[in-house]
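**Q** Here our numbering is used: the first residue of the sequence shown is 16, the next is one more, and so on. For each residue, glycine too, the CB sits at the ideal point set by N, CA and C. Structure in structure tokens, see below.
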Amino acid sequence: IGNFMNGGSPKGGAYGFKISSLAKLKDTKSSEKTINLMNYIASIENEGFSCFKKLRSELAHVPLVVDCDMDYAKEMIQPYSVLVNKYNLYKKEMSTLMTNDCLPAYAEAFVKKVHPIVKQLENIINDNIKKFNQLRKYFCEETMGSSEFFKIFVDFMNDLDKAEIENMANHRLAQLESHPMRVHSRHH
16 IGNFMNGGSP KGGAYGFKIS SLAKLKDTKS SEKTINLMNY IASIENEGFS CFKKLRSELA
76 HVPLVVDCDM DYAKEMIQPY SVLVNKYNLY KKEMSTLMTN DCLPAYAEAF VKKVHPIVKQ
136 LENIINDNIK KFNQLRKYFC EETMGSSEFF KIFVDFMNDL DKAEIENMAN HRLAQLESHP
196 MRVHSRHH
């Protein structure tokens, strides 16, 4: 917020922030220590700022990818890729040496079935790694792993939900304090 507010001034010009600073919003308290910056963001969200509605819909699927480690996925597909490549390298030699054996035919059938799947997975993983690296670079978090990166967004949305509940409770409490219940006694 400070970067945005100072944007046009000589002190400003930084219209962004590091994603890791989202985790600190709930720790940034008001001078009265009654609300934090997350409470404020939740309150302006409820005032109809459309960017928050869009944010919620854009981040709706992020919890599904928190546990997806793309480097690990690449590691897991690597042995299959190596197996297919080695087979293709040695298949002529294998069929020449094993003329009366069924293994070359089984290996050929297996590789024909597995090779397109392995290639497709490699392409998907490499494409996602490339996109994630672009995303990390865009948000100046080039050393952060994918799980840690996406967990920040999940935690931010959870903190925003909690702040919204706190705001409703504080609003209700303020209403009760401004209109105390009057106790009427009945005299018989």
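Check residue 152 in the structure and name its three-state DSSP category.
**A** Here residue 152 sits in helix by DSSP.
**Q** Are residue 41 and residue 142 closer than 8 angstroms when you measure CB to CB?
**A** Going by C-beta atoms, residue 41 is not nearer than 8 angstroms to residue 142.
**Q** Are three or more beta carbon pairs between the segment 148–158 and the segment 53–62 nearer than 8 angstroms?
**A** No: fewer than three Cβ pairs fall under 8 angstroms.
**Q** Using CA coordinates, which residue listed in 65, 68 and 130 is at the minimum distance from residue 93?
**A** When only C-alpha atoms are compared, the closest one is 130.
**Q** Please work out which residues of its chain come closer than 8 angstroms, Cβ to Cβ, to residue 140, disregarding the five sequence neighbours upstream and downstream, and give them in chain order.
**A** Correct list, in chain order: 85, 88, 89 and 92.
**Q** So the alpha helix (DSSP H) residue 59 belongs to, where does it begin and stop?
**A** First-last of the alpha helix (DSSP H) with residue 59: 52–61.
**Q** Report buried or exposed for residue 120, applying the criterion of at least 16 other Cβ atoms within 10 angstroms of its Cβ.
**A** Burial call: exposed.
**Q** For the putative contact between residue 126 and residue 102, defined by C-beta atoms under 8 angstroms, what is the C-beta separation to the nearest angstrom?
**A** Contact holds; Cβ gap of about 5 angstroms.
**Q** What does residue 44 pair with, by DSSP beta-bridge criteria?
**A** Paired residue(s): 51.
**Q** If you draw a straight line from the alpha carbon of residue 54 to that of residue 166, how long is it in whole angstroms?
**A** Taking the straight line from one Cα to the other gives about 20 angstroms.
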